[in-house]
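S.K.:
Numbering (the UniProt record's numbering), first residue to last: 1 to 296.
1) To the nearest angstrom, how far is it from the Cα of residue 68 to the Cα of residue 219?
2) Using only alpha-carbon positions, find the residue among 33, 288, 58, 44 that is nearest to residue 82.
3) What are the boundary residues of the beta strand (DSSP E) that residue 212 is part of?
4) Are residue 200 and residue 228 touching if we call contact CB-CB under 9 angstroms?
5) Throw me the rounded Cβ distance for the residue 29 and residue 100 pair, which I believe falls under 8 angstroms.
6) Would you kindly check if the distance between the Cβ of residue 202 and the Cβ of residue 163 is under 9 angstroms?
7) Tell me the rounded alpha-carbon separation between residue 94 and residue 31.
8) Measure the beta-carbon distance from residue 176 to residue 157 and round it to whole angstroms, keeping in mind my assumption that it falls under 8 angstroms.
9) Cutting at 6 angstroms between CB atoms, please list the residues of its own chain near residue 6, excluding the five before and the five after it.
10) Can you list, in chain order, the residues of its chain with a C-beta nearer than 6 angstroms to that of residue 251? Leave out the 5 residues immediately preceding and following it.
11) Residue 25 and residue 64 look like a contact to me (Cβ under 8 angstroms); what is the Cβ gap, rounded to whole Å?
12) Quick one: grab the DSSP three-state call for residue 134.
13) Between 90, 49, 96, which lies nearest to residue 77 when the distance is taken from Cα to Cα?
14) What whole-angstrom Cβ distance do residue 191 and residue 151 have, given they're in contact under 8 angstroms?
15) Can you tell me whether residue 73 is buried or exposed, with buried defined as 16 or more other CB within 10 angstroms of its CB?
16) Can you find the residues in the same chain that come closer than 6 angstroms, C-beta to C-beta, to residue 4, ignoring five residues on each side of it along the sequence?
17) Where are the alpha helix (DSSP H) runs, 4 residues long or more, that stay fully inside the UniProt domain "SRCR" (5–105), in chain order?
18) Quick one: grab the DSSP three-state call for residue 164.
19) Across which residues does DSSP place residue 141 in a beta bridge pair?
20) By how many angstroms is the C-alpha of residue 34 removed from the C-alpha of residue 213?
21) With H, G and I counted as helix, E and B as strand and the rest as coil, what does DSSP make of residue 275?
Rendered as structure tokens:
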């Protein structure tokens, strides 16, 4: 499951801290929490660079699980998910008095409607528009990046294989995977590392359908960014995505891949249409022969 962070019973930049994990919102424990960790949460929420920890519990007590404890952030961290902590546990706090309440010094800027005109800022983005490859020779090869929680981030290469790469290539409209690459083959990314241990079967239509583990802590760094090299443009894949309302349509036509191993779009279409025409002619010829045989 993907992660999310929010403040409740206050406003956008002050309240009791809750995280979304395993399909459920839950509280965060304040044991050993520093002002730097509180400031990191404020940065994550877009509420300035500083924050304080409220000790009077004025934002009420939670009722769900208490997911995390002993969170330790450093100055290098801009997202809570990059910080170290104890493992996920629905009973991390000994009691509700340990729940974290923070107050950030900044406040979220009002967002104009124009800011939501295009993905990935739009709330109606498709899965296709939340995935991209960077640093490769074209739009069908490169470091895999996904849009989540308001920023682009990479995927750790732990267990990354051709089945995972196949799903990414298909979702991008880039045919099948030629190879699944690891160890930042197309250069190191920046920002969060959103996922690790992705386990696709290879038949999924979207990377979001694959089991994966949200990265929390220091289990991976950008030297382990996952990458793909796809076979190239797949017109049939785009036709299927447009015909069925799955929300994976491409946002723009892809640039034909270069190299002798990648066929051009017109050639692929000619081959497909030629095959269909031959099939129709073969069926008609068979029916004509049967008709003549019956007349005799």
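The C-beta atom is built at its ideal place from N, Cα and C for all residues, glycine as well.
A quick note: this is a predicted structure, and the numbers were derived from the prediction, not measured.
M.R.: Based on what the coordinates show:
1) 17 angstroms
2) When each option's Cα is compared against that of residue 82, the closest is 44.
3) Run containing residue 212: none; DSSP gives neither H nor E here.
4) no
5) 7 angstroms
6) yes
7) Rounded to the nearest angstrom, the gap between the Cα atoms of residue 94 and residue 31 is 10 angstroms.
8) About 19 angstroms separates the two Cβ atoms, so there is no contact after all.
9) 18
10) Confidence at residue 251 is low in this model, with a pLDDT of 34, below 50, so its placement is unreliable and no value can be given for it.
11) Between residue 25 and residue 64, the beta carbon gap of about 6 angstroms places them in contact (Cβ cut-off 8 angstroms).
12) strand
13) Looking at 90, 49, 96, the one whose alpha-carbon comes closest to that of residue 77 is 49.
14) 5 angstroms
15) buried
16) Within the same chain, residue 4 has close Cβ partners 20.
17) Segments of the alpha helix (DSSP H) lying fully in the UniProt domain "SRCR" (5–105): 35–45.
18) helix
19) 229
20) 26 angstroms
21) helix
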